[in-house]
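Here the sequence shown is numbered in my numbering, starting from 37 and rising by one per residue.
Where a beta carbon is used, it is the ideal one built from N, C-alpha and C, also for glycine.
All figures in this text were calculated on a predicted structure; none of them were measured in a lab.
Reading through the structure tokens given below for one structure.
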Amino acid sequence: MIHPTPRLRFAPSPTGPLHLGGARTAMYNWALARSLGGAFVLRIEDTDRARSTDESLQIILAGLAWLGIDWDEGPEFTAGGRSFGGGDFGPYFQMQRLDRYAALVEQLLASGHAYKCYCTPEELAELRAEQKAAKSSFIGYDGRHRDLTAEQRAEKEAQGIQPNIRFRMPDDEVVRVHDLIRGDVEVNTKQLDDWVMVRPGGVPLYNFACVVDDIDMKITHVVRGEEHFLNGVKQRLLFEALGHECPQYAHIPLILNPKGGKLSKRDPGVKSTLEYRDLGYPAAAVFNYIALLGWGFSADRDVFTRDEMVAAFQIGSVGKAGAKFDVDKLHWMCGEYIRTWSLDDFLTASRGHVEPLLADGAWDANAGFLRNALALFQERVQLLSELPDKLRWLFEDPALDAAAQKNLGKHADAPQWLAAYADLLEGMDLPPSFGGDRAAFDTAVRLPSPEDDAPAAAGALTPNQLGDATRALIAELGIKFGQFVHPVRAALTGTNKGPGFFDCVWLLGKDAAVRRLRAHGRA
Ligand code: GLU
């Protein structure tokens, strides 16, 4: 057999945002398409009229584009100067394909693979109740309208009952399906009832529309969640009834929460794709983390690029067991990516998070200061949304957290050390605090790189020179560096952690440093 061009698809229903599970399904289809040199199709399963919205659709498209999961065919969309979608196998929205479904329903009714069932919802509920009461091993539709005569049908129609169209399943047949992840699985059709293809009114249900579309869009591989495994059996029989071979199936296991239960959007750290974007998670990190939910790049490497994933991806190496969502690992991954950025990229990405702390126009007016400030924190954040809390002490006098209070109170002489340090700083040519004229300092000193420590203006002090003067004072006070630094850092920054001590003092600048030291010091 000549192998057809690989064609894969992601088929979301636009009934909500793009969650982790959907993003992973899309990604595995995309990665397999790219690794096989095939096409990746986006098909919109919008037959649930009550719940489908254009808003959800746009959120899904934007989420995929943000993750870099680009589609060759499907809804047209532009993001970041790139266009997605189009294609010759559409329409790619199911609600635009109703004529096609109607034609195939007629074909299946004529061939006997489908039939009209006039059971009312009440009758079906009654049947179900009876099966339950009898503790039947099979709960479902019992095929009672499979072989109605023309007269019986006419009678039902005369009563005004609109039929469901059902697919006629074989009674007792073992269907062997080959799943690219689970291997060969056998399912007896006795477990599955004659399922509804089309409800009254002509709107098709999922299994039917999905197969028609997979045929028309020439889909060769279907990767989707394991909740669709039995649908795969139903779909395969419909493919055969329509004279087509079914695609290769791969059903990927659930994503689990840390306790091993099904992951829910209420579990900590679980967000939809665009929420991650809006919180400042790097797209490449979220992509990388999602890829790992069920698949591994190599035993000793978790961080990889999209291209590396495509080169290494094999659907058969997706695990059979559910992958656990681990928010700490996701955040660690974000930090790993942030550290790979250039300082300029980090500044650009940080702006939206930091600018709200500042007065209008202050971002541009203090570019050198902010560059130095953010350079200190690029190594110290996992998420950009941490930046406001980490930087606030540079702009306003901080309240002391518990650790800072403890450090301030540890030594009875600490207030004197603070006062002595205020005296020292007051007499030095330390840069002014944020908002003051720091041009001579900030344009020359690039934190955190002491090698570049070369001030442009004569006499302008550097963090290293500040360090020398501070050490001399500590020696004079006859105490250890650690004893001195902890209460001073507490008074200056309001906390006990942060970047290098001299970088912090230098950046905070003279006015604020002296003011805070005096506030907590005693001569
Ligand atoms: N619309 C279905 C879903 O979102 C698609 C399933 C499939 O890929 O066949 O679950």
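Work out the CA separation of A286 and P157 for me, nearest whole Å.
Our two residues, P157 and A286, have alpha carbons roughly 34 Å apart in a direct line.
Leaving out five residues before and five after T61 in sequence, what residues of the same chain have Cβ atoms less than 8 Å from its Cβ?
If we look at T61 and ignore the five residues flanking it on each side, its Cβ neighbours are F46, V259, R260, G261 and I288.
Confirm, please, whether the CB-CB distance from S469 to G530 is below 8 Å.
Contact: no.
For A395, which option in W231, F349 and E432 has the closest C-alpha, if you only look at C-alpha atoms?
Nearest neighbour of A395 by Cα position, chosen from W231, F349 and E432, turns out to be E432.
Are there any heavy atoms of ligand 1 lying less than 7 Å away from the beta-carbon of P157, as far as the coordinates show?
P157: no, Cβ never under 7 Å from ligand 1.
For G117, does the three-state DSSP call read helix, strand or coil?
Of the three classes helix, strand and coil, the one that applies to G117 here is coil, per DSSP.
So which of G58, S49, D106 and L266 has the shortest CA-CA distance to D84?
Minimum Cα distance to D84 is reached at S49.
Nearest to E263 (by Cα), restricted to the options D459, S378, L290 and N243:
When each option's Cα is compared against that of E263, the closest is L290.
To the nearest angstrom, how far is it from the Cα of S300 to the Cα of Y312?
The C-alpha of S300 lies about 16 Å from the C-alpha of Y312.
Can we count R260 as close to ligand 1, meaning its CB is less than 7 Å from some heavy atom?
It does: the Cβ of R260 is within 7 Å (strictly closer) of some heavy atom of ligand 1.
Could you tell me which whole alpha helix (DSSP H) segments of length 4 or greater appear in the region 102-169?
Runs found: 134-147 and 157-169.
Throw me the rounded Cβ distance for the M345 and V77 pair, which I believe falls under 8 Å.
That pair is no contact at about 19 Å.
With a cut-off of 8 Å, do at least 3 Cβ pairs link the region 354-362 to the region 293-307?
Touching, per the Cβ criterion.
Three CB pairs or more closer than 8 Å across the region 236-246 and the region 176-190:
Under the three-pair Cβ rule at 8 Å, the region 236-246 does not count as touching the region 176-190.
Indicate, with yes or no, if ligand 1 has a heavy atom lying under 7 Å from the CB of S49.
At least one heavy atom of ligand 1 is nearer than 7 Å to the Cβ of S49, so yes.
For L103, which option in A319, M131 and G514 has the closest C-alpha, if you only look at C-alpha atoms?
Comparing Cα positions, the closest option is A319.
Look up R235 in the DSSP assignment and say whether it is helix, strand or coil.
Coil at R235, not helix or strand.
Limits of the unbroken alpha helix (DSSP H) element including I201
Here I201 belongs to no alpha helix (DSSP H); instead the beta strand (DSSP E) covers N200 to F203.
First and last residue of the uninterrupted alpha helix (DSSP H) at D400
Taken as a continuous stretch (DSSP letters only), the alpha helix (DSSP H) holding D400 covers A398 to A401.
Assign S92 to one of three DSSP states: helix, strand, or coil.
The three-state secondary structure of S92, taken from DSSP, is helix.
Coil, strand or helix - H214 by DSSP
When secondary structure is reduced to three states using DSSP, H214 falls in the strand class.
Indicate the three-state DSSP secondary structure (helix, strand or coil) for I288 in the structure shown.
It is a strand residue.
In this structure, does DSSP put F46 in helix, strand or coil?
In this structure, F46 counts as strand in the three-state DSSP scheme.
Apart from the five residues on each side of it in sequence, which residues of its chain come closer than 6 Å, Cβ to Cβ, to V223?
For V223, the CB contacts under 6 Å within the same chain, skipping 5 residues up- and downstream, are V211 and V269 in chain order.
Span separating the alpha-carbon of E159 from that of A170
Each residue's alpha carbon lies about 17 Å from the other.
What's the gap between the Cα of H280 and the Cα of F413?
So the alpha carbons of these two residues sit roughly 58 Å apart.
Specify the secondary structure class of E222 as computed by DSSP and reduced to three states.
The three-state reading of DSSP puts E222 in strand, counting E and B together.
Mind pulling the alpha helix (DSSP H) runs of 4 or more residues that sit fully within the region 434-517?
Here the runs fully enclosed are 438-445, 450-462, 475-478 and 499-513.
With a threshold of 7 Å on Cβ separation, who are the neighbours of P304 within its own chain once the five nearest residues in sequence on each side are excluded?
The answer, listed in chain order, is V363.
In its own chain, which residues sit with a C-beta less than 7 Å from the C-beta of V417, not counting the 5 before and 5 after it?
If we look at V417 and ignore the five residues flanking it on each side, its Cβ neighbours are G371, I374, L423 and K426.
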